[in-house]
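Engineer: Residue numbers (my numbering), protein chains in the order written: chain A, 1 to 654; chain B, 1001 to 1654. Below are the C-alpha cells for one structure; questions will follow.
2 protein chains.
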Amino acid sequence: MAEKKKDRNNTIDPAALEVLAKTKDSGIESAYDRYVNMQPQCQYGNAGVCCSICLQGPCRITKKASKGICGATPYTIVARNLLRHALGGTACHSDHGLHITMVMKEIADGHGGDYTVTDSGKLKRVAEKIGVSVDGRSDQEVLKDVVGVAMEDFSRLEKGKYCTWLEKTVIPARMEKNLDCNIAPNSIHKTITESMAQTHMGMDADPVNLVFQSLKTALCDYVGMHIATDLSDILFGTPTPVVSEANMGVLEEKMVNIALHGHNPILSEMVVKAAREMQDEAKAAGAEGIKCMGICCTGNEVLMRQGVPPLTNFLSQELAIMTGAVDAMVVDVQCIMPGVQTVAECFHTKIITTIPNVKIPSSYYVDFDETRALETGREIVRIAIEAFKERDASKVSIPQIKNKVVAGFSLEAFEELLAAVNPDAPYKVITDAIDSGELAGVCLFAGCNNLKVKHDENHSTIAKELAKNNVLIVATGCAAGTYAKLGLLNSDAVEQYAGDGLKAFIKRLDDANKGKLQESLPLIFHMGSCVDNTRAYDLCTEMAKQMEMDIPKVPFVASAPEAMSEKAVSIGSWFVTLGVPVHVGVIPPIPGSPLVVGIALQIAQDVYGGYFMWEEDPMVASKMLLDALGERTWKLRVHKMAAEKYETAISPTW
Amino acid sequence: MAEKKKDRNNTIDPAALEVLAKTKDSGIESAYDRYVNMQPQCQYGNAGVCCSICLQGPCRITKKASKGICGATPYTIVARNLLRHALGGTACHSDHGLHITMVMKEIADGHGGDYTVTDSGKLKRVAEKIGVSVDGRSDQEVLKDVVGVAMEDFSRLEKGKYCTWLEKTVIPARMEKNLDCNIAPNSIHKTITESMAQTHMGMDADPVNLVFQSLKTALCDYVGMHIATDLSDILFGTPTPVVSEANMGVLEEKMVNIALHGHNPILSEMVVKAAREMQDEAKAAGAEGIKCMGICCTGNEVLMRQGVPPLTNFLSQELAIMTGAVDAMVVDVQCIMPGVQTVAECFHTKIITTIPNVKIPSSYYVDFDETRALETGREIVRIAIEAFKERDASKVSIPQIKNKVVAGFSLEAFEELLAAVNPDAPYKVITDAIDSGELAGVCLFAGCNNLKVKHDENHSTIAKELAKNNVLIVATGCAAGTYAKLGLLNSDAVEQYAGDGLKAFIKRLDDANKGKLQESLPLIFHMGSCVDNTRAYDLCTEMAKQMEMDIPKVPFVASAPEAMSEKAVSIGSWFVTLGVPVHVGVIPPIPGSPLVVGIALQIAQDVYGGYFMWEEDPMVASKMLLDALGERTWKLRVHKMAAEKYETAISPTW
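This is how it looks when you write it as C-alpha cells:
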C-alpha cells in the first residue's frame, strides 16, 4: 500500500501512461506527482476527526484530546464535516441549474439572444411532469411557467410546500418517506443556508440530526441536477445515439485543438458552434481546421449532444496539455485543477477561464456574457487559433490511442430502444429480463477519479466484472469518461466482456432497432455528465413503476468507484435516500465516528432501503454490488412465488 | 507562551476562577481543560494551509508538498477556507433573521398567536427607511410590505436588483463602492449558494476573487443581521436604558434558576414571560420564585429588553452549571458548547434544546412551536421547576460576585441621550466632541471569547486603555458580556477608568438627561447581542451623515479582541468592506498565504478604507486602535484647515 502511494504511474489509461513516461524527467508536475509528494496524508483528516470550524481550533481527536475544545465529540465533528461536504456538492449543482434556469428565463421573456428552445417536445414532457398546463399554449408561455416553477424550487421560503421537481419526479412512496423523515426540502437555497448554519460552532451536536440534514441537502442536489438536465435538454436538445471516439489520440497534429473542460453546456455549446463556423479562419492561420474535444463533464455534455470526442477525464486533464497539442483549454465550472495553468505555461496552451466565480491566476479570462454568447464563443476560438500559431512542433507528442464511442443515451433515447421491443411497456423489457434471469439487474457507474485508487482501474474492473455477470450498465461523468477512453462504449466490448445474458439482451435491442442506429449498441450506455445522474435515477423510477414496487425492491445499484468531489457525496447521499444501494470506491473521511459509519453502512438501509458500501478493492466491490442486486432479485422471486401460491394479485407495494 | 497554553486558569473573570478552583480535582471537564489537552494545535490548520474540500485530500502544504494534489496553491487554499468561514457566519445570521421574518409574516397574515407588533414606532421608522409607504396604513398593512421586502432580500434570484436592507441603510458612497467592486448581493440565499459552490474543488483558484466573494458574502451577513435586529425591535420593542446586575452572583440559592443561552429572542422572550407568570408554581415546589438569567447573546437580548441579568459569557457557560445552582439551561441557536450536556450530567441541571437543527444528544428537546409559543415557554419553565426539586444542596456553590449593569442602548436610546444635548443634530454632540479633542473617536467592542487569549482579558484591557484615552465605547455580544461581568457597564467605572475628556462627555449626557434615567450612564454603552452589531454601524453611518463624509473619514473603529466564531469572520469582513478599521485579537487561519494577509491588512484599506489589524497583545492592540482613530482625526483636521484656508465650504465627500 505504502509502495503504491509512491508510484507516479498511478493509472491504467495507456495514453496517460505514455504521457507520464515521456514527461518523467521534464520537471513538469501533474496531480500524479503531487499525490506522491503529499504522502503520507493527514490521518486525522482521513478519519474526519479534524475540525476547523471555529477560530479557537483547529481541533483534532487524539488519545489525549477525546473531544474538541467546545466539547464536540468525534461523531459531531465527523457528521458536521460530512454535511459541509454534501453542501459543497449541492451548491455546485444548484449554481449550475440556476445558471441554466436564468438563461431560460431570458428566452421566456423574449431576450434569449443566441439561445432558443431546441426541444419543444421535451419542454412539453417536463411541463406535464411538473404540472404546468401545455394545452393550446405556445412554447414561450409554457416555458415561462416551467421556469417559474424552477425558480420557486430554488427560492421558496415558506414551510409546507416542497420542491416540485422532487415531488413530481419520484414515485409517491419515496416522497412519503421524505415527508415522514422530515427531510423534504422547501427549496434549495433555503436548505443550503440552513445546513450551513447548522454546521456552525455551537449549533447542532447531534450526529443523527446532522446526517438527516445531509440527506435533506442531498435531495436539493437531486432537484438542482434534475432541473439542470431537463432545462439543458429543452435548450440544446435531448441526446440521441451518437458515434464518436475518445482518448488523447483524438488530438490532431495539424488542427487547432480546443479542449472544453468543466461541466456546463451553456458556454461549450456556443464554442462548438463558433468553431464549426470558423474553420476558414483556422485555415488562414495554417491549420487544417478546428477540432473541439472534451474533458470531464463539459466533454460529456458536448459528446452527448454534438458528438464532440472526449479527450480525457478528470485526473489526466493536465496530461492532455503535456501532449503539446492543446491550443486552448476552455474551462467553465467545477473540477478544474488549478494545476492546468502551471502546466500550460510550459507550453503554448492558453487556459481560458470564463465564469466570474471560477478564475485561475495568470490564465486568460473571457467573461462569458450570455447576451452575446456566440460572439463570446468566437472570441475564445480566436484565442485558440492565435495560440496554434505559437505551437512548438518539437514539443508535440500525441499518444496514438483512441477508441470508438457510441454515446447519447438520454433516458428518452434509451426508452426508444426498449420501445422497439415492447412499445406498450418499454421498461418491461428490462424487468422481464431480470425476472427471467437473463439480466442480474442494473448498475449505474458515476463519479470522478481519485488517486487513492489507481486511475480508471476501479471504474474499469468493476464494470467488466458486472458485465460478465449480466448486469446492464449505464454510466455518467468521469466513469463514462473512463469507459469512452478504454473502449467500453462500443459493440466490440459487448463481444469481449458481456456475459451471455447481457449479450443476448443487447442483441435483442440491437435487432429491434436495426436500421435506426448508425452503429451497434455498446456494452455500457453513456447517459451524460455527472449532473445527469437523475437520468439514471429516472430509469430506476421507471423500473419501479413497471414493477409496481417501491425503489428498495428494484434491482438497481449505483457505484462511484473513484469518488473524489463533494458532488459525489451529495449524489451518493440522495441515491441512498431514494432507495438505492451505493458503492463508493474510496473511504470517505468518516471512519473517526463508528456511529456515522454505522448509519451510512447499515441503519440507512432500515430507514431508506438504500445504503452505502465502501470498498477500495474492485473485485470485492464487484461482489458487493452483485450481492446487493442478488438480494433484491431474490426478494422479488419470493414475493412472486408467494403471490402465485396464495393466488393473490401482486398489488403495488408503495 | 507554551506555558500559558498549559494553564487551565485561563481567565480573569473572578467568578470563573473561583469555579475552576473548586472543580479542580472533580474530574468534571470544561473548555478550559480541553484547551490544555488540545495543545499543541495543528500548525497547518493554524496557518490555513490544510484543505479537506475533496475526497482526494486532505492536503497540507509542507516543504515537500508546495501545492495540493489538484495544484491548489497556499493562497487558494487559505482564501477558500476563509470564504467558507465567512459563509458559516453569514448563514447563521441569515437563518436567525429568516426565523424572525417568518414569525413576522405570521403576524402580518393574522396568525401571530402569542406574537404581536410591540413597537409600532420602530415599524414605521423601518418602513420609511426601506421605502415602504406608511401614510394612512395600518400596522398590519405596513408590516406585510416590510416582511415582503425582507423575504425578497433573502430569496431574490434576479440580477440587477440588490438587497434593499443594504442599499437603504448605508450611505450612498458605500453602496457605490459595493457596486463598483461588484460585491453588492442580489440576495442572501443566492449569494450563500454561489459562495459555497465557489469553494468546491476545481472552482475558483483566484485568491483575490475568493476574498471579494467573502466580502460579498459578508455584506449578506450585514443584511441578515440588520433585518434580525430591526424586526426583533418591532416584535419585542426597541431597547431603552435598563438596570440589572451580572456575573454568577446573580444565581439565587433559593430560587429556580433558568439560564437562557444562545442568540434568538423568539423563544427566550416567551420563557421570561412564562417565568414571570409561574412564580406560584415555583413556590409550590419549595422555591422562593423563578429567576431567569442570560448567557451569550440570548442573554444580551433579554437583558436589553427585559433587564434579565447576564449570568456569564460564552467561554464560561459550562462553569455556570458547575455552580450546581442552574436548574435548567435553555438553549436556542449558536455558540452552545456540546460540553454543557456532559457537565450537566454531573448535576441536576437539565439542558433543554429547542430548535430542530440544534440538538445535543442526551439533552431534553422541547420543540419550539411558534404557534403555541407561550405554552412552550411554560413547558420549559415547568421542567426547570421539576429539576429544582432534584437540586443537591451539597453541590451548590455560587461565587458571590456580581456587578451593577446599565444597559439597553439601542441606537434610538443612544440618540435620545444625545438629543437631550442637541435636539436638532444629536450626533453632532459626538462629532463636535471629536472635533474639539474631547473624544478621540468611537470604538465598538464585539465578539466572542477564545482561549487562545486569556478569557476576558483582551476585552477588558483594551477597553480600559481606550477609555483612558477618551474613546467613546459601545459594545455588543460576549464583549459586552465581559464588561457586564467585570463592572464596566456602570457609572463607577466612568470614575475609575475614563480619561478626562470621556468623563466630561459622559457627564454632559448625564446632566442633560437628569431625571429621565434611573441610573447614571456607564463607561461602556451596551448595544445588544452580536446580531445587533448593525446598531453600532448605524451609529457610524449617522456620524458620517453628520460630518458629510464617507465612512473611511469617520473616527470609528471596531475590535473583536477574543474572536472565535465564523460569525466574527463575517462581521469583521463587512465592517472592513463598509470602511471601518477592525482589530482582531487572535490570528485567524490565514498566515499561510502572505498574499491574503496582505489583502486583509493593507490592500483592503486602498479599496474600502477599512482594513484588519491582528494583534494578540492587548496593549499593542490598544495602540493600534488609537493610531487608527488618530489617523482619521488628523485627516479631518487637515481637511478642515484646508477648507478654512481656501475659504471653500466643506461639501459632502461622497
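Where a beta carbon is used, it is the ideal one built from N, C-alpha and C, also for glycine. Since this is a predicted model, take the numbers as computed values, not measurements.
#1: Compute the Euclidean distance between the alpha carbons of F1445 (chain B) and C478 (chain A), then round it to the nearest angstrom.
#2: Taking buried to mean at least 16 other C-beta atoms within 10 Å of its own C-beta, is D511 (chain A) buried or exposed?
#3: Let me see if you follow: with CB-CB separation under 7 Å, is K5 (chain A) close to chain B or not?
#4: Could you tell me the boundaries of the alpha helix (DSSP H) in which L626 (chain A) lies?
#5: I'd like to know whether the C-beta atoms of F368 (chain A) and L231 (chain A) end up nearer to each other than 7 Å.
#6: Strictly under 7 Å for the Cβ-Cβ distance: is D204 (chain A) near chain B by that measure?
#7: Comparing alpha-carbon positions, which option in B:M1527, B:A1440, B:L1215 and B:Y1483 lies nearest G1501 (chain B)?
#8: If you run the structure through DSSP and keep just helix, strand and coil, what is M255 (chain A)?
#9: For Y364 (chain A), which three-state DSSP category applies?
#10: Run through DSSP, which three-state label would S244 (chain A) get?
#11: Name the residues in the region 1135-1161 of chain B whose C-beta lies less than 9 Å from a C-beta of chain A; which are they?
#12: Buried or exposed: where does Q1213 (chain B) fall if 16 or more other Cβ atoms within 10 Å of its Cβ makes it buried?
#13: Please report the residue range of the beta strand (DSSP E) in which C443 (chain A) lies.
#14: Using a Cβ-Cβ distance under 7 Å, would Y32 (chain A) count as near chain B?
#15: Answer with buried or exposed for Q1400 (chain B), where buried requires no fewer than 16 other C-beta atoms within 10 angstroms of its C-beta.
#16: List, in order along the chain, the chain B residues whose C-beta lies closer than 8 Å to that of I69 (chain A)?
#17: Classify D1332 (chain B) as helix, strand or coil using the three-state DSSP reduction.
#18: Using a Cβ-Cβ cutoff of less than 7 Å, which residues in the same chain neighbour N1009 (chain B) once the five nearest sequence positions on both sides are dropped?
#19: Can you give me, in chain order, the residues of the region 1319-1349 of chain B that have a beta carbon less than 7 Å from any beta carbon in chain A?
#20: Measure the CB-CB distance between L521 (chain A) and I506 (chain A) and report whether it falls below 7 Å.
#21: By how many angstroms is the C-alpha of P1589 (chain B) removed from the C-alpha of G1048 (chain B)?
#22: For the beta strand (DSSP E) that contains S1559 (chain B), what are its first and last residues?
#23: Counting only Cβ pairs nearer than 7 Å, list the residues of chain A close to D1221 (chain B).
#24: List, from N- to C-terminal side, the alpha helix (DSSP H) runs of 4 residues or more that fit wholly inside the region 162-197 of chain A.
#25: Would H1099 (chain B) and D1221 (chain B) be called neighbours here (beta carbons separated by less than 7 Å)?
#26: Could you give the residue range of the alpha helix (DSSP H) that holds G408 (chain A)?
#27: For P1207 (chain B), collect the residues of the same chain with a Cβ closer than 8 Å to its Cβ; drop the 5 residues on either side in sequence, then sort them by chain order.
#28: Starting from F1525 (chain B) and walking both ways along the beta strand (DSSP E), at which residues does that stretch end?
#29: Could you tell me which whole alpha helix (DSSP H) segments of length 4 or greater appear in the region 1249-1309 of chain B?
#30: Rounded to the nearest angstrom, what separates D1007 (chain B) and V1036 (chain B) at their Cα positions?
#31: Would you list, in sequence order, the uninterrupted alpha helix (DSSP H) runs of no fewer than 4 residues that lie entirely inside the region 61-108 of chain A?
#32: Could you check whether the Cβ of S1410 (chain B) sits closer than 7 Å to any Cβ belonging to chain A?
#33: Using a Cβ-Cβ distance under 7 Å, would A72 (chain A) count as near chain B?
#34: Given 6 Å as the limit, tell me if E542 (chain A) has its C-beta closer than that to any heavy atom belonging to the ligand FAD.
#35: When we look at the beta-carbon of N1178 (chain B) and count the other beta-carbons within 10 Å, is it buried (16 or more) or exposed?
#36: So, is G1609 (chain B) buried or exposed, given that buried needs 16 or more other C-beta atoms within 10 angstroms?
Structural biologist: Per the coordinate set shown:
#1: F1445 (chain B) and C478 (chain A) have their C-alpha atoms some 51 Å from each other.
#2: D511 (chain A) comes out exposed.
#3: no
#4: P618 to K645
#5: no
#6: Among the CB atoms of chain B, one or more fall inside 7 Å of the CB of D204 (chain A).
#7: The shortest CA-to-CA distance from G1501 (chain B) to any of B:M1527, B:A1440, B:L1215 and B:Y1483 is the one to B:A1440.
#8: coil
#9: It is a strand residue.
#10: strand
#11: M1151, F1154, S1155, R1156, L1157, E1158 and K1159
#12: buried
#13: G441 to F445
#14: no
#15: exposed
#16: At a beta-carbon threshold of 8 Å, the residues of chain B lying near I69 (chain A) are A1031, R1034, Y1035, M1038 and L1451, ordered along the chain.
#17: coil
#18: L1017 and L1020
#19: If the cut-off is 7 Å between Cβ atoms, the region 1319-1349 of chain B has V1333, Q1334, C1335, I1336, M1337, P1338, G1339 and T1342 near chain A.
#20: It is a contact, given that the beta carbons lie within the stated cut-off.
#21: 4 Å
#22: F1556 to A1560
#23: Within chain A, no residue comes near D1221 (chain B); the closest Cβ sits about 12 Å away, beyond 7 Å.
#24: 164-167 and 172-180
#25: no
#26: Annotation for G408 (chain A): no alpha helix (DSSP H) segment contains it, and DSSP assigns it neither H nor E.
#27: Y1075, T1076, V1078, A1079, S1593, L1595, V1596 and I1599
#28: I1524 to G1528
#29: 1265-1277, 1279-1284 and 1296-1306
#30: 7 Å
#31: Listed in chain order, they are 74-108.
#32: no
#33: yes
#34: Of the ligands one can find in the structure shown there are none, so the ligand FAD has no counterpart to examine.
#35: buried
#36: buried
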